[in-house]
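> Using the numbering used here, you'd call the opening residue of the sequence shown number 16 and step up by one each time.
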Amino acid sequence: MKLKNIAFAAALVAATSAAQAQGAKLKVGLMLPATGTFAALGTAIENGFKLYVAEQGGKLGGREIEFVKVDDESDPAKATDNVNKLIKRDNVDVLVGTVHSGVAMAMAKVAKDTGTLLFVPNAGADAVTGPMCAPNIFRSSFSNWQPGYAMGEVMAKKGHKNVVTITWKYAAGDESVKGFKEAFEKAGGKVVKELSLPFPNVEFQALLTEIAATKPDAVYTFFAGGGAVKFVKDYAAAGLKKNIPLYGAGFLTDGTLEAQGADADGLLTTLHYADSLNTPRDNSFRLAYAKTYKLQPDVYAVQGYDAAQMLGIGLTAVKGDVSKKAEFADAVRKAKIDSPRGAFSVSKAHNPVQDIYLRR
Ligand code: BEZ
16 MKLKNIAFAA ALVAATSAAQ AQGAKLKVGL MLPATGTFAA LGTAIENGFK LYVAEQGGKL
76 GGREIEFVKV DDESDPAKAT DNVNKLIKRD NVDVLVGTVH SGVAMAMAKV AKDTGTLLFV
136 PNAGADAVTG PMCAPNIFRS SFSNWQPGYA MGEVMAKKGH KNVVTITWKY AAGDESVKGF
196 KEAFEKAGGK VVKELSLPFP NVEFQALLTE IAATKPDAVY TFFAGGGAVK FVKDYAAAGL
256 KKNIPLYGAG FLTDGTLEAQ GADADGLLTT LHYADSLNTP RDNSFRLAYA KTYKLQPDVY
316 AVQGYDAAQM LGIGLTAVKG DVSKKAEFAD AVRKAKIDSP RGAFSVSKAH NPVQDIYLRR
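1) Output yes or no for whether 9 Å exceeds the beta carbon distance between M120 and A149.
2) Among T52, P48, I60, L45, which has the Cα closest to the Cα of Y308?
3) Leaving out five residues on either side along the sequence, give the residues of the same chain with a beta carbon under 6 Å from the beta carbon of G319.
4) With C-beta atoms as the reference, is W160 less than 9 Å away from K184?
5) Measuring CA to CA, which of G357, D353, Y372, M325 is closest to N151?
6) Just checking F195 against the ligand BEZ - is the residue's beta carbon closer than 8 Å to any of the ligand's heavy atoms?
7) Hey, how far is the Cα of P91 from the Cα of H115?
8) Can you give the beta carbon distance from F214 to A243, rounded, assuming they're within the 8 Å contact cut?
9) Cα separation between F219 and G77?
10) Three Cβ pairs or more, each shorter than 8 Å: is that satisfied between the segment 284-295 and the segment 333-352?
11) Classify L18 as helix, strand or coil using the three-state DSSP reduction.
12) Taking the beta strand (DSSP E) that R154 falls in, what are its first and last residues?
13) Output the residue ranges of the alpha helix (DSSP H) runs that lie fully inside the segment 233-269 and measure 4 residues or longer, sorted by chain position.
14) Measure the Cβ-Cβ separation of G167 and A202 and say whether it is below 9 Å.
15) Y288 by DSSP, collapsed to three states: which one?
16) Closest to K40 by C-alpha separation, out of L261, G57, G73, Y67, would be which residue?
17) If we ignore side chains and look at the alpha-carbon of each, how far apart do V217 and S89 end up?
18) With a threshold of 8 Å on Cβ separation, who are the neighbours of V368 within its own chain once the five nearest residues in sequence on each side are excluded?
19) Can you have a look at G281 and say buried or exposed, based on whether 16 or more other CB atoms are within 10 angstroms of its CB?
20) Per DSSP, what kind of secondary structure is L282 in: helix, strand or coil?
21) Can you tell me which of I181, D278, P48 puts its alpha carbon nearest to the alpha carbon of K257?
22) How far does the beta strand (DSSP E) with G44 in it reach, from first residue to last?
23) Out of curiosity, what's the CA-to-CA distance linking Y288 and Q311?
24) Less than 9 Å between the beta carbons of Y67 and G270, yes or no?
25) Restricting to Cα atoms, I'd like to know which of Q275, F238, L272, P231 is closest to I259.
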């Protein structure tokens with residue numbers, strides 16, 4: 016009889032705390048870059064995420080959203096400490112981050128070990144939705160392979176035969192080039208030289224001299240943020256743009272066009288978003304974003320917005336109770352996400368299955 020009473024009391028406590036948890040605010044830990052070459056990307060992701068939450072009246076799945084932030088500095092060496100701060104010190108319910116693939120892999124490892132929900136709103140590291148995939152990890156962006164592979168097909172169709180690649184030496188650059196090379200060489204092209212420099216260096220001069228000396232038919236590149244601005248400007252200033260066409264994954268020009276000015280004119284890039292889709296969904300998103308932030312949105316803003324949409328879909332299915340992990344994941348897996356980029360779903364490993372656009 017006594018045992019029964021204890022069991023009843025324990026069940027009552029568990030039910031009460033679950034109910035309290037559902038009524039309580041949901042703590043979202045934003046781990047994004049606020050400094051360094053990817054700072055603007057982090058801001059756009061945060062803006063996009065918060066825009067969707069605001070459109071839902073500040074609540075997702077019936078729970079008011081509260082934010083805690085950490086500047087990850089795009090530094091993989093600090094990533095594990097930073098993510099542990101959010102989980103252990105701040106007790107976040109959900110993690111959102113980040114931009115840099117190396118930092119995201121450290122986040123994914125901790126998320127996997129602790130079972131914390133993680134939404135990756137940019138970093139394309141193939142492993143996050145490959146060998147490291149987990150029921151509690153979701154990506155609202157892309158895998159590094161996707162835009163690279165698409166551009167391999169495009170450049171082969173343009174008739175280019177010998178291509179030089181240039182990128183930062185880390186997971187995103189390596190995987191983007193790998194995706195490009197896979198499609199380009201399958202179609203009969205040859206990557207004659209793979210150039211790289213450490214992230215986030217922007218001393219491109221020696222490598223540009225090497226490109227000029229190699230005289231390839233074209234160049235494929237992955238750079239993003241501040242580094243992409245400088246690369247496009249340096250490429251034009253070195254006199255290469257006229258003779259050796261430059262192509263890239265769309266991060267080369269997304270969110271950076273204004274700073275690149277005429278030096279970016281005519282560049283062809285591949286990406287899962289473009290600013291001229293002219294669909295009712297994208298137009299209303301762009302208008303709302305511009306009104307709220309007095310800024311034009313870019314791919315990073317869309318990915319942040321969609322991360323919040325995915326979180327909302329999961330939370331609605333479990334009525335705000337994040338402990339129901341299997342039901343949460345099932346709902347996101349079954350969903351068609353109504354993205355400004357065009358509707359998309361996620362694969363079994365929780366990576367977007369989506370169209371890639373060719374943009375000029
Ligand atoms: C990455 O590290 O995965 C990444 C960074 C910026 C733009 C795209 C990808």
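Backbone N, C-alpha and C define an ideal beta-carbon position, used for all residues, glycine too. The model shown is predicted, which means the values in this text are computed figures rather than measured ones.
Taking the structure as given:
1) Here residue 120 refers to the residue found at position 105 when the sequence shown is read from its first residue. Here residue 149 refers to the residue found at position 134 when the sequence shown is read from its first residue. The beta carbons of M120 and A149 sit no closer together than 9 Å.
2) Your numbering for residue 308 matches position 293 in the sequence shown. That would be I60, whose Cα lies nearest to the Cα of Y308.
3) By one-based count along the sequence shown, residue 319 stands at place 304. Beyond the five residues adjoining it in sequence on each side, G319 comes within less than 6 Å, by CB distance, of I60, G63, F64, P136 in the same chain, given in chain order.
4) If you number the sequence shown from 1, residue 160 lands on position 145. If you number the sequence shown from 1, residue 184 lands on position 169. The Cβ-Cβ distance between W160 and K184 does not fall below 9 Å.
5) To locate residue 151, count along the sequence shown from 1; it is residue 136. Comparing Cα positions, the closest option is M325.
6) One-based indexing of the sequence shown puts residue 195 at position 180. Answer for F195: no, Cβ out of range of the ligand BEZ.
7) Taking the first residue of the sequence shown as 1, we reach residue 91 at position 76. Taking the first residue of the sequence shown as 1, we reach residue 115 at position 100. Going by the C-alpha atoms only, they are around 8 Å apart.
8) For the purposes of this step, residue 214 is identified with residue 199 of the sequence shown, where counting begins at 1. For the purposes of this step, residue 243 is identified with residue 228 of the sequence shown, where counting begins at 1. The pair is not a contact, with the Cβ atoms about 12 Å apart (cut-off 8 Å).
9) Stepping through the sequence shown from its first residue, residue 219 is reached at position 204. Stepping through the sequence shown from its first residue, residue 77 is reached at position 62. The straight-line gap from Cα to Cα measures roughly 50 Å.
10) No: the two stretches stay apart, fewer than three of their Cβ pairs being nearer than 8 Å.
11) On the sequence shown, residue 18 is found 3 positions in, with the first residue counted as 1. Confidence at L18 is low in this model, with a pLDDT of 40, below 50, so its placement is unreliable and the value that follows should be read with caution. Helix.
12) In the sequence shown, the residue the question calls residue 154 occupies position 139. 152-154 is the span of the beta strand (DSSP E), which, as asked, contains R154.
13) You should have 240-252.
14) Taking the first residue of the sequence shown as position 1, residue 167 is located at position 152. Taking the first residue of the sequence shown as position 1, residue 202 is located at position 187. Result yes, Cβ atoms of G167 and A202 sit closer than 9 Å.
15) Within the sequence shown, the letter at position 273 stands for residue 288. Y288 falls in the coil class under three-state DSSP.
16) Here residue 40 is taken as the residue at index 25 of the sequence shown, counted from 1. If you compare the alpha carbons of L261, G57, G73, Y67 with that of K40, the shortest gap goes to G73.
17) Walking along the sequence shown from the start, residue 217 turns up at place 202. Walking along the sequence shown from the start, residue 89 turns up at place 74. For the pair V217 and S89, the Cα-to-Cα distance works out to about 15 Å.
18) The residue labelled residue 368 in the question sits at position 353 within the sequence shown. Cβ-Cβ distances below 8 Å link V368 to F359, S360, V361, S362 in the same chain, with the five nearest sequence neighbours on each side left out; the list follows chain order.
19) Within the sequence shown, residue 281 is the residue found at index 266, counting from 1. G281 counts as exposed, since fewer than 16 other beta carbons sit within 10 angstroms of its beta carbon.
20) Start at 1 with the first residue of the sequence shown, and residue 282 comes out as number 267. Assignment of L282 by DSSP, reduced to helix, strand and coil, places it in the coil class.
21) Along the sequence shown, read from residue 1 onward, the residue named residue 257 stands at position 242. Considering only alpha carbons, the answer is D278.
22) The residue you call residue 44 lines up with position 29 of the sequence shown. Counting along the chain, G44 sits inside the beta strand (DSSP E) bounded by residues 41-47.
23) Along the sequence shown, one-based indexing puts residue 288 at 273. Along the sequence shown, one-based indexing puts residue 311 at 296. Their backbone Cα atoms lie some 14 Å apart in a straight line.
24) Taking the sequence shown and counting its residues from 1, the one referred to as residue 67 is at position 52. Taking the sequence shown and counting its residues from 1, the one referred to as residue 270 is at position 255. No; because the gap between Cβ atoms is not below 9 Å, this pair is not in contact.
25) As a working note, residue 259 is residue 244 in the sequence shown. When the alpha-carbon of I259 is set against those of Q275, F238, L272, P231, the nearest one is in P231.
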